[in-house]
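Trainee: The structure's right below; bear with me while I get my questions together.
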Amino acid sequence: MSLETFPGDLAQCFSIIHRAFQRDTQPIYKQINLNVTNAYILLLLDKRGERSQNELARTLVINKGQITREIKRLTELGYVSQTQSADNKTTNIIRITAGGRKVVPQIIAVRNEWWQERLSKNHVSADSPFAETLQTIMDELIERKQ
């Protein structure tokens, strides 16, 4: 990876990899009645604990309308609960439920299997240099689309 545009190159790698991840895993997540954004929300809540709806939207870089729809869906599935903040009546606090925690291992498995396939296919190990690994995986994903 050239140092001339290094930060931009990394950003482009992340973007291409992220979109390929979404495209490839969406059908798998659909089988467990989720979408990629639902999975991201559940992983974040599982790893970091309860969050306000606004914090989730900012962290995951999604708009307020989408986070509202995603939280509503996850609530209907019984994977999260929401309560009004005691400190601020306009803030919803989102918590992962026991049902949500049960699906997290499946989410992690989907994510890890996708990454392991990328690493294996490109003969890259998990401890390879980060930037080179991103570049290699991005190149493979671009070639795959052609």
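Just so you know, we're using full-length UniProt numbering here: the sequence shown kicks off at 1 and counts up by one.
Even glycine gets a Cβ: it sits at the ideal position worked out from N, Cα and C.
Note that the coordinates shown come from a computational prediction; the quantities given were computed from them, not determined experimentally.
Taking VAL36 as the reference, which of GLN26, LEU44 and LEU134 has the closest Cα?
Mentor: Considering only alpha carbons, the answer is GLN26.
Trainee: For my contact list, ILE96 and GLU70 are in at a C-beta cut-off of 8 angstroms; report their separation, rounded to the angstrom.
Mentor: Between GLU70 and ILE96 the Cβ distance is about 13 angstroms, and since that is not below 8 angstroms, they are no contact.
Trainee: Out of ILE67, PRO105, ASN92 and ASN88, point me to the one whose CA is closest to ARG29's CA.
Mentor: Position check: residue 29 holds Tyr in this sequence, whereas Arg was assumed. Selected option, being the one with the closest Cα: PRO105.
Trainee: For my contact list, LYS79 and GLY49 are in at a C-beta cut-off of 8 angstroms; report their separation, rounded to the angstrom.
Mentor: A small correction: the amino acid at residue 79 is Tyr; Lys does not occupy that position in the sequence shown. Rounded, the Cβ-Cβ distance is 15 angstroms, inconsistent with contact.
Trainee: Would VAL61 be called buried (16 or more neighbouring beta carbons within 10 Å of its own) or exposed?
Mentor: So VAL61 counts as exposed.
Trainee: Roughly how many angstroms lie between the CA atoms of THR83 and THR90, to the nearest whole one?
Mentor: Roughly 10 angstroms separates the two Cα atoms.
Trainee: Count the other CB atoms, across all protein chains shown, that sit within 10 Å of the CB of GLY8; report buried if there are 16 or more and exposed otherwise.
Mentor: Exposed.
Trainee: Of all the CB atoms in chain B, is at least one closer than 8 angstroms to the CB of LYS64?
Mentor: In the displayed structure, chain B is absent; only one protein chain is listed.
Trainee: Just to check my reading of the structure: ILE67 and LEU74 have Cβ atoms closer than 8 angstroms, yes? What is that Cβ distance to the nearest angstrom?
Mentor: About 10 angstroms; that fails the 8 angstroms criterion.
Trainee: Report, in whole angstroms, the separation of the C-beta atoms of ALA126 and LEU119, which I expect to be a contact under 8 angstroms.
Mentor: Between LEU119 and ALA126 the Cβ distance is about 6 angstroms, and since that is below 8 angstroms, they are a contact.
Trainee: Could you compute how far the alpha carbon of ARG58 sits from the alpha carbon of ASN38?
Mentor: Cα to Cα, ARG58 sits roughly 15 angstroms from ASN38.
Trainee: Can you tell me where the alpha helix (DSSP H) with THR68 in it begins and where it stops?
Mentor: Unbroken alpha helix (DSSP H) run through THR68: 64-76.
Trainee: Does the Cβ of ALA11 have 16 or more other Cβ atoms within 10 Å, making it buried, or fewer, making it exposed?
Mentor: Exposed: under 16 other Cβ atoms inside 10 Å.
Trainee: What does a CB cutoff of less than 7 angstroms around ASP24 pick up in its chain, not counting 5 residues either side in sequence?
Mentor: The residues are TRP114.
Trainee: Could you name each continuous beta strand (DSSP E) segment of 3 residues or more that falls completely within the UniProt domain "HTH marR-type" (7-143), going from the start of the chain to the end?
Mentor: With a minimum length of 3 residues, the continuous beta strand (DSSP E) runs that stay inside the UniProt domain "HTH marR-type" (7-143) are 80-84 and 92-96.
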